[in-house]
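S.K.: Chains as they are written, first to last, in the working numbering: chain A, 68 to 464; chain B, 68 to 464.
Written out as structure tokens, the structure is:
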């Protein structure tokens, strides 16, 4: 981070300042909405003012018929195909979005926004609550996937785009895709929910609850007011990330990538400082994550996933969420994904079929577990390209 | 806990006193070894004095040929078939050990000891280091499964028992069974390693590393000196237990037992206080665990599992660990156990077969994941009974 420090400011205070600035004044574009465009949240409050940060790639055509929305996962952001301003790394879907890539920015106008509850410029717990001048912290109610999608719909309106050619995303991004298709069936021509589920499983809720408990157990969390107090629950958030990260990898990939290999030593050290490569790797995942992500956002965004239950919102029958839909769907899952297993994707496919939707489904062989949707998976990319080409022909693009 | 408090003592200080007393003067029997019987640890130190706490059930016969050792898992103890002195609950293998049960105390003399590194009376980090008068804390080197088994062998010697009719246990208990059969082939007539592995997987190391990081991140851990300072890393240890506990259950059992059902409410609360039953359950698992277990013991005993690699100890060839063995083996695994999957048991069975050992193997259908070995699983109990009967006949018992 580039925050300037002065002698009276600690490093964490400077970081807190930088975090708040990032939340209010991100490096990307921002759509700001005032009292005339409040956002009504499922949690029962009406949010105004609020804002949504986004990036775009490619050019909107004259008919405004080539817009694509890509939706990010738990710890993603609007930088789908551009350099992350904090880490300097390529965008999280750089392999999928770009010129000549499956979501071809030479053909499509791609929008990628930070989710509501996030920390990269869309209103979330690190954003300033204008009523108090302080960060929202836990004064926000729990955000839902439907709230995130409502915010995205307001952005699309703001951009003057009547409907989306495609909504695509993996994991929590896939939940948003499903919510879009359900809530705005006439505004989604094609939908690609990848490595996702129509409701969060008990096991996933359990893992995220462990992470949240690790965050709130950290005394530097300060009951959620750490940004005001110039602290940050680094250790707790790091443990949360470590726990979640295990679920994103397959047992096979952990075995192949690390096995029982030792880190920087020839023999076991008989101590607790991390003998194994897998330990160093996880610690690195944890410690680098806390430099780019807000702890309260982790609580909110993970909670949004827990709350997602599209069947529950439709009388317990998932097919009802898609009744009469004209959207065409491409559902994909990965064989070794145990966080969002194939079973969850089949449930979606069966419901779509029961609703009479056009749906194609592919279970992709991969060793890489849940994270496969972010990685170089040629079969996924080929299927997505084929689906998009076919949908584009159907739309006359 | 029954520690008396006085006005100058905080609750955690009283607890610390009780924890140290439990470690030094447990409610069970204790074998104490002085300088004449040191324990040489894999970590390179010679431990003396040291002690091992144990319980016994049944009667040793005149020929001393009916002794059975049961070995406990990570958070188990010597109270296999007797009431736990802190929780008041039945022993962890009460369904397996007792009169008329698979390990029949009417026929066998059953020994159950607390592992080295534990906190229930065998020397571990909460025990007093006589050299300093303080708790060992992190001054102990990492303990190995082989160290645990060496301590058990010393106990068996102390009890005047030449060899064991059976060694049995699940999970980390199964690791001890394998180590016994490998290190003392002439002292083990029959061996039942259940839901275990000959080496800890990268995924398991990863989950335990998350737990350890949660413990050491807790400022009340005090670099491991919390017993001296009258604190206890309750929150960190609780998070560690929650993370591990998820791995002991199957996705199916979590879904069946909890699903997305809400706890004490009709609708979502839009807050972070635990809407779902699975969250309440995990929090309870965490908070009750910290009342009965020592945080540093959790570090040591989990680390012992990580270090276990029986093939690695034998030139990378697991069969070499059992070369020429006359022990008969009964290996069991459970279909939904993803912490110690069937694959790990098959590896053991193949190595035993390659070593020419007598081995039977059963993969038991169960919805209950890893914890099945502790639960009412009639097929496991029937197979274990049959194996024991057959081995008893072979031994003329």
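Using N, Cα and C, we set each Cβ at its ideal position, and we do this for glycine too.
By the three-class DSSP mapping on this structure, what secondary structure does residue 83/B have?
M.R.: If DSSP states are grouped into helix, strand and coil, residue 83/B belongs with the helices.
S.K.: Measure how close the beta-carbons of residue 177/A and residue 135/A come, nearest whole angstrom, since I'm counting them as under 8 angstroms.
M.R.: Between residue 135/A and residue 177/A the Cβ distance is about 5 angstroms, and since that is below 8 angstroms, they are a contact.
S.K.: So within the segment 347-407 of chain B, which uninterrupted alpha helix (DSSP H) runs reach at least 4 residues, ignoring any that extend past its ends?
M.R.: Fully enclosed alpha helix (DSSP H) runs of 4 or longer: 362-374.
S.K.: Starting from the beta carbon of residue 290/B, find every residue of chain A whose beta carbon is closer than 7 angstroms, and list them in chain order.
M.R.: Under the 7 angstroms cutoff, chain A gives no residues; its nearest Cβ is about 11 angstroms from residue 290/B.
S.K.: Residue 462/A by DSSP, collapsed to three states: which one?
M.R.: Coil.
S.K.: Residue range of the beta strand (DSSP E) that residue 425/A falls in?
M.R.: Note, residue 425/A: beta strand (DSSP E), 425-431.
S.K.: With a threshold of 8 angstroms between beta-carbons, can residue 310/B be considered close to chain A, or not?
M.R.: At least one chain A Cβ lies under 8 angstroms of residue 310/B.
S.K.: Give the residues from the segment 391-412 of chain B that approach chain A closer than 7 angstroms (Cβ to any Cβ), ordered along the chain.
M.R.: Under the 7 angstroms Cβ criterion, the segment 391-412 of chain B contributes no residue.
S.K.: Please classify residue 302/B as buried or exposed, where buried requires at least 16 neighbouring CB atoms within 10 angstroms.
M.R.: The residue in question, residue 302/B, is buried, as its Cβ has 16 or more Cβ neighbours within 10 Å.
S.K.: Return yes when the C-beta of residue 152/A is under 7 angstroms from any heavy atom of the ligand SAM, and no when it is not.
M.R.: As presented, the structure is devoid of all ligands, the ligand SAM included, so that no description of it is given.
S.K.: Does any residue of chain A bring its CB to less than 8 angstroms from the CB of residue 182/B?
M.R.: Output row for residue 182/B: interface = no.
S.K.: Residues in the segment 231-255 of chain B with C-beta within 9 angstroms of chain A's C-beta atoms, listed in sequence order?
M.R.: Listed by position, the residues of the segment 231-255 of chain B near chain A (Cβ gap below 9 angstroms) amount to none.
S.K.: What residues in its chain sit with their C-beta under 7 angstroms from that of residue 376/B, if we drop five residues either side in the sequence?
M.R.: For residue 376/B, where only same-chain residues beyond five positions count, the Cβ hits under 7 angstroms are 266.
S.K.: Can you check whether the C-beta of residue 68/B is within less than 8 angstroms of a C-beta belonging to chain A?
M.R.: In this prediction, residue 68/B has a pLDDT of 37, which is less than 50 and means its spatial position is unreliable; what the coordinates show is noted afterwards. Cβ-Cβ to chain A under 8 angstroms: no for residue 68/B.
S.K.: Let's test the definition: count the other Cβ atoms within 10 Å of the Cβ of residue 346/A and tell me whether it reaches 16, buried, or not, exposed.
M.R.: Counting Cβ neighbours within 10 Å, residue 346/A comes out buried, since at least 16 surround it.
S.K.: Return the chain-ordered ranges of every alpha helix (DSSP H) run that is complete within the segment 194-255 of chain A and spans a minimum of 4 residues.
M.R.: Counting only runs of 4 or more, we get 212-225 and 239-250.
S.K.: Nearest-angstrom Cα distance between residue 449/A and residue 169/A?
M.R.: About 7 angstroms.
S.K.: Given this structure, state the Cα-to-Cα distance separating residue 337/A from residue 205/B, to the nearest angstrom.
M.R.: Approximately 11 angstroms between the Cα atoms of the pair.
S.K.: With 7 angstroms as the C-beta to C-beta threshold (strictly closer), list the residues of the segment 256-278 of chain A near chain B in chain order.
M.R.: For the segment 256-278 of chain A, which is checked against every Cβ of chain B, the residues closer than 7 angstroms are 266, 268, 269, 270, 272, 273, 274, 276 and 277.
S.K.: Going along the chain, which residues of its own chain have a beta-carbon closer than 6 angstroms to the beta-carbon of residue 461/B, five neighbours each way excluded?
M.R.: Result list for residue 461/B: empty, nothing under 6 angstroms.
S.K.: In this structure, what does DSSP give as the bridge partners for residue 124/A?
M.R.: Beta-bridge pairing links residue 124/A to 177/A.
S.K.: For a contact defined as C-beta to C-beta under 7 angstroms, what are the partners of residue 216/B on chain A?
M.R.: Chain A residues near residue 216/B: none, gap ~17 angstroms exceeds 7 angstroms.
S.K.: Can you name, in chain order, every residue of its own chain whose Cβ lies under 7 angstroms from the Cβ of residue 297/B, other than the five neighbours on each side?
M.R.: Hits under 7 angstroms: 77, 79, 80 and 83.
S.K.: Can you check DSSP and say which residues form a bridge with residue 165/B?
M.R.: DSSP, once it has assigned bridges, lists 171/B as partnering residue 165/B.
S.K.: With DSSP run on the structure shown, which of helix, strand or coil describes residue 99/B?
M.R.: Three-state result, residue 99/B: strand.
S.K.: Just confirm the distance between the C-beta atoms of residue 121/B and residue 194/B, as a whole number of angstroms; I'd bet it's less than 8 angstroms.
M.R.: Between residue 194/B and residue 121/B the Cβ distance is about 15 angstroms, and since that is not below 8 angstroms, they are no contact.
S.K.: Taking only the alpha-carbon atoms, compute the straight-line gap between residue 233/A and residue 349/A and give it to the nearest angstrom.
M.R.: Straight-line Cα distance between these residues: approximately 35 angstroms.
S.K.: Figure out for me which residue from 444/B, 328/B and 384/B has the closest Cα to the Cα of residue 502/B.
M.R.: With chain B covering only 68 through 464, there is no way to say anything about residue 502/B.
S.K.: To which residues of the same chain is residue 230/B closer than 6 angstroms at the C-beta, ignoring the five residues directly before and after it?
M.R.: Excluding positions up to five away in sequence, the list reads 254.
S.K.: Identify which residue in 241/B, 165/B and 282/B has its Cα closest to the Cα of residue 367/B.
M.R.: Closest by alpha carbon: 282/B.
S.K.: Using the Cα positions of residue 118/A and residue 251/A, report the straight-line distance between them to the nearest angstrom.
M.R.: So the alpha carbons of these two residues sit roughly 21 angstroms apart.
S.K.: Under 8 angstroms between the Cβ atoms of residue 339/B and residue 310/B?
M.R.: Cβ atoms of residue 339/B and residue 310/B: not closer than 8 angstroms.
S.K.: Roughly how many angstroms lie between the CA atoms of residue 418/B and residue 412/B, to the nearest whole one?
M.R.: The alpha-carbon atoms of residue 418/B and residue 412/B are separated by roughly 10 angstroms.
S.K.: With a threshold of 16 other CB atoms inside 10 Å of the CB of residue 432/A, please say whether the residue is buried or exposed.
M.R.: Burial call: exposed.
S.K.: Is the CB-CB distance between residue 364/B and residue 192/B below 8 angstroms?
M.R.: Yes. Within cutoff.
S.K.: Could you check whether the Cβ of residue 176/B sits closer than 8 angstroms to any Cβ belonging to chain A?
M.R.: It does not; no Cβ of chain A falls within 8 angstroms.
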